[in-house]
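Right, one structure below, let's go through it.
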Amino acid sequence: MLSIMKCRKSKKDILTERTIVVNHQANTSSVTREHFCGNRIISSHYTWWNFIFLNLFEQLHSVANFFFVGIAVLYFYGETPLSPLVTIGPLAFVIAISMLKDGIDDIKRHKNDQAVNNLNFDVWRPSSNAYLSEWKKIKSESINVGDIVLCREEYSFPCDLVILSSGDPRGTVRITTGNLDGESSVKTLHSVTATQSEFKLLLSLEQGSLEKVNVQQATIVCQNPTGDLHSFEGRLEYGDTSVALGIENIALRGAVLRQPNSILGVAVYTGHDTKLSLNSKCGRRKTSSTTARLNATLFSFMITLFILTILYTGLQFAWRATPVGSGWYLNYRPITAWKVVQEAFNLTFLFNYLIPISIILTLDVLDVFLALFIAKDIQLYDESTNIKSEVNATSLAYELGQIEFLFSDKTGTLTQNKMQFRAFSLPGDSNTYILRKNGLYSLKKGIQFWNQFDGPSNRPTCVAEKQNKYFSSSSEDETVNDNSEIQQDHFERFFPSKVNTLTDTALTFCTAAALCHTVEVRSSPDKWDQQPPIYCAASPDEKALVEAAADCGVVYLGSDPRLTNSSDEENNHILLLHNTVPRSSKFTEGSWKVEHVKRDGIIEFDSERKRMTVFVRFANGRCLILTKGAETSMLNPKLCSQSSAEIRDDVMRKVTAFACVGFRTLVFAMREVNPEEYSGLLVELNRAQGLVGENRVLELKMVHAKIESKMTLIGVSAVEDKLQPGVRHCVRSLRAAGIQIWVLTGDKEETAVRVSQAAGHLPLGLTLIRLTNGNTIDNVARRIFEQNEGMKLRLGMKTRRRWLRWHRDADSKSPSYAKGEKGNDFYNKSTEEATNDVSSRWDVFQRVKGGFTSAGWKLRRRRRKHPGGACESVGLVIDGETLHYALSPILCRDFLRLCMNVTTVLCCRLTPLQKAAVVKLVSSGLADVDGLGVPVTAAIGDGGNDVAMLLEANVGVGIFGNEGRQAVRAADYAIPQFKYLRRLLLVHGQWNYYRVSTAFLLYCFKCVAFVAVHAILLFFNGFSAQSMVEGLLYSLYNLTLTSWGPLCFALFEQNILEKDLLHRPYLYRLMTQNGNLRAWYIVLWCLDGIWHAFVVVGVAYFVLAGGGLYAEATFYLPGTSYAAIDMDLFGSAVYTLLVITTNLRMLVASRTFNKVTIIGTLIVGFGNMGILFLYQYTSGPTSVLYKNFFYLDASPAFWFSIPLTVVLALLVDIIWRLASDIWWDHQIELSGVKREKAKKKRRVRRKMFRTSSEDFEETARKSPDVDVDTY
């Protein structure tokens, strides 16, 4: 802990960059390592000396814990027959369990830290002889910045290292980064070319051998530590040279070396400065809205407690002033202020049981088990990918049932992110070139392009999807294929011509596609004729483009293996060129032409430029700069100034045509320069890349603009990303569940609209409002205002027409005698007078309606009965440029009102930060707009660009995608595909919320009943805070006697069957916005507890105590002639009756019973009974509980009171339960689909706990997919 504090303090002294001396041990006069953190990793939260104090301090931050600690302290100042152990005991038990859980978790962290910190590595250190150095075994925690470290194959790197030398002659290093971003693919890094050969001698030295090696002094200047895994800025000053360092030269801690057998690196970031540690920081702590409602309810109970205390304290002293309360036999002490306070304390001790202390422990247990149920659900396992769901946050299980807004990414989330190259188009060429399995085809101008890709079932229609408030579905709907394949006969009807030979323009485009990328080749270039090259790429788009170029006759073979001794041999690549298209014509191997190409520089793609550029030099001296990117950046006149405006317009039309089909497009451009200019641009680029900080950003921006200019457009590519299976059905179910789905994507507008329509997010024929290309804040403000006012106007006109229609219908249905009495005055009026009469009534209606504006918002937000503000289906499409102005402080509220008045929203061309900003806008801004409180939001994505959005939403759901595991690691829940979100929300979400909320209501019920019994009995003992039973029974009431029922209810209750939740998704919205924890519903449960208290006390009073009119009930006691119920037996009887009725009330509320519930109830019941009977004998004759239950067992009146109490107390509950069942059945039948009860079948019992994916696969094979309901 101290090292962390020291590290954080020392960072303040380093303002912009850090300077590192390589092998600093031999250069002690240089910059010392005192400015940098050590390499010791501390992920634990506690130490052995602060665990108890720090954990107690953290637990006291809980309102309930703090409350009970305060009550325990008051026991020492009050005068009460209850022992302080009554409160301190349960509180200590709850705190001890939480402390034990936290301690076990932290011990695991300590062990993991020790395992990492004690790993040994070879570090080049000076020996005892000052002139000699050697490899020494050093623990990982002792490595310092500037140390030269030797890392071996299959070991992870101990810190962030700049690779000085590699065991591979070419300087390549292959690693895996599964611990960093979850990606399993092998990635390639490169050593610094200037130090590859100089430091390679150290690799050959054995450990323990003393050698005098002259290592030339080197200095690294790099940026301060950052958490960005994909960027590194710095330079290596080695001798008289300065080499720019990039992310390809640094090996990050946590990555594993795969090839070669060893590498040499210098430590630049250690300990908590490493990128892995910086990315290990969690996002903001997420709290459930349900938890906030529970805390608010507990706080209101606390207020009620203090009100009751003050009320009964006043009643006590008022009763003492009456003749009955001031008898001579009542020996009162003089009334003082402190005496009044003490009596208030005594009453507080009785009423504090209104707050259930055991609910804290119960909720902790529930969080673990509900998360386990999700993680082990076989229905959330994808057999095709062998991936199951994961839970990263255990405290949000019941938040899944409260989702109102879902923000979804498009690529990889709604689509498969498995790119397939479909077509390309060339500037000035009217043809479109389509790549198919059997060759390349040319489609002539005039033929509808989209007909080549859309099946008949996917043709656009002009009819909007009908809004169904009670949408239902059957399991057969899930088998509908969301992707339409090209029908061969449909394709051949348009007679496209096959292309056998590429034109020069087409060959240039294919060459650019084969070179402008960062794809790696895993196969050997020498064996290309025996085995086609195997490509590996971080981006599926790049891989699809390179494969398409190979299919067209331009094959990329990777680095040239013959140039192994060149200092920059990784820049030498091989291209195979063919004069014909391989797929379209027959050819011979001898017709291939080998082209050696040198790729001297790469400008990576970034979200600001939205393009990438490569420097390419051919063997004949030709120098090219190739660029590809989004059309928004590529069609800038400054970039492609060599292409005319007509060409740019033509390219834009081709991009739009591709996007309308739903394809992802890229625009390619090139620039041919002379060798002198080529070399000059490279020098400027390398110099700018070697800078650090703001200077680097500014210089790179200027150099990039200079390089990416004066270009000529050469083509447009079209890549298809198909929908995932089940997406359309899932989207439709979520919409029917009342969840508003917003799609946030970085793709272009036309592609996003097309994919959204295919997914069902934007139904075909939906009216679209397009807020795009907003270039000023005034323009955006005017357009938002026009749309809001237009919707208000249309809504007013529709409402007025309905009012007039209703008024005419009402008058036409009036009785004839009424008309006669009035002499038909109204019908004799002129048309103008009648209209004026209706208009005046309309004005009154408008004024009344104005008072219910917020109620209208509430209806649209919760029920979504009306699809939009104007009662019409409207969709909003907005791009990132316009959104930049719409999110400004002066427009965000009006923009949010517009979003709430439309059916759905699609945001395109967004950056990752803009995605998070949209989520934040809805989460924090909607409460100010409609006044209904903060909505519960969820976000789902699959890539690193979705991490900010996932962290900002209340619930983040990650998908195991093809672009790494960043989203899965940052999300609260992870699922294999988008379609599983349907079950996660509709089934687990609804069940979890209903279980936890109803369990909380049961706790409220039993606590209110317990306190209400005391409140009633206070009227019989002069409000003197007399305890009803022994103090131990007060603790057992909440801890053991009445806790098993709510716990089983919260674990296993299924108020609605799974099939009904899936087939009738509208049932989900009945529970949103904490529908089960509304104030009136909580009060209803509290009234039920009060009813039970009156019944229990009433029956005991009239049956056992005689009701003040008759003698007390008697029982047979050997050795005595008369034994009657006294106050102690009366209290024990009331306590017993209350425990019985409370547990039976919980059984009445349950709809699901299993072996665990039944057997557990019997075990807990008999166990508690045994404890009570044993305690009554061991407590001693002086105890008020001594043999009480034995005496009650001998009383016939007590046995008669049990069924009487049960019938009277539960009669209301049974009627309530029947009414609830009827209401739920009515809601289920609203879909209009007749349900047929399925025959009961013996179900296969699955194991609750599974440890491997193989168990999921075996269960999936053994369990057939059977529908329980028949529709």
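FYI, in full-length UniProt numbering the residues of the sequence shown are 1 to 1271. Glycine included, C-beta positions come from ideal geometry on N, C-alpha and C. Predicted model, so just to flag it, every value in this text is computed and none were measured.
- Membership of I303 in the alpha helix (DSSP H) is indicated by the continuous run 289 to 320.
- Contact check for D972 against L406 fails: the beta carbons are separated by 7 Å or more.
- Residue pairing by DSSP places I138 opposite F121 in a beta bridge.
- DSSP places Y75 outside any beta strand (DSSP E), giving it a letter other than H or E.
- According to DSSP, E1112 shares a beta bridge with no other residue.
- Under DSSP, M99 forms no beta bridge with any residue.
- N571 and L502 have their alpha carbons spaced roughly 27 Å apart.
- C640 sits in coil when the DSSP states are folded into three classes, being neither helix nor strand.
- Here K598 carries a strand assignment [DSSP, helix/strand/coil].
- For M612, the enclosing beta strand (DSSP E) has its first and last residue at 611 to 618.
- In the three-state DSSP reduction, N572 falls in the strand class (E or B).
- Separation of E154 and D377 (C-alpha to C-alpha, rounded to the nearest whole angstrom) is 35 Å.
- The residues V221, S242, V243, A244, L245, G690, in chain order, have a CB closer than 7 Å to that of R235 in the same chain once the five nearest residues on each side in sequence are set aside.
- Of S756, V63, A296, A736, the smallest CA-CA separation from L1070 is found for A736.
- For V655, the closest alpha carbon among the candidates L700, I714, R622 is that of I714.
- No Cβ-Cβ contact shorter than 7 Å links T1161 with Q1054.
- If the five residues before and after R897 are omitted, its C-beta is found closer than 8 Å to the C-beta atoms of N788, V929, all from its own chain and listed in chain order.
- Y973 carries a strand assignment under DSSP once its states are collapsed to helix, strand and coil.
- Assignment of R622 by DSSP, reduced to helix, strand and coil, places it in the coil class.
- In this structure, the CA atom of N1021 is about 16 Å from the CA atom of T348.
- Here the alpha carbons of V919 and N901 stand approximately 17 Å from one another.
- Going by DSSP, A886 is part of the alpha helix (DSSP H) stretching over 880 to 886.
- For T518, the three-state secondary structure derived from DSSP is coil.
- By the Cβ neighbour-count rule, F301 is buried, with 16 or more other Cβ atoms within 10 Å of its own.
- In the three-state scheme derived from DSSP, where H, G and I count as helix and E and B as strand, C222 is classed as strand.
- Within its own chain, the residues whose Cβ lies closer than 8 Å to the Cβ of P976, once the five positions on either side in sequence are excluded, are L380, Y381, D382, T385, I387, K388, S389, I959, F960, listed in chain order.
- In the three-state DSSP reduction, K1155 falls in the helix class (H, G or I).
- Between F421 and H517, the alpha-carbon positions lie close to 15 Å from each other.
- Rounded to the nearest whole angstrom, the C-alpha separation of A96 and V86 is 16 Å.
- The alpha-carbon separation between A344 and L91 amounts to approximately 22 Å.
- Secondary-structure assignment with DSSP links P1203 through no beta bridge to anything.
- The beta carbons of L723 and T415 sit about 6 Å from each other, so the pair counts as a contact at 8 Å.
- When the Cα atoms are used, Q990 and Y1068 turn out to be separated by approximately 6 Å.
- A distance of 7 Å or more separates the beta carbons of V186 and R170.
- As the crow flies, the alpha-carbon of N1074 is around 20 Å from that of D1088.
- The continuous stretches of alpha helix (DSSP H) do not include V661, and DSSP gives it neither H nor E.
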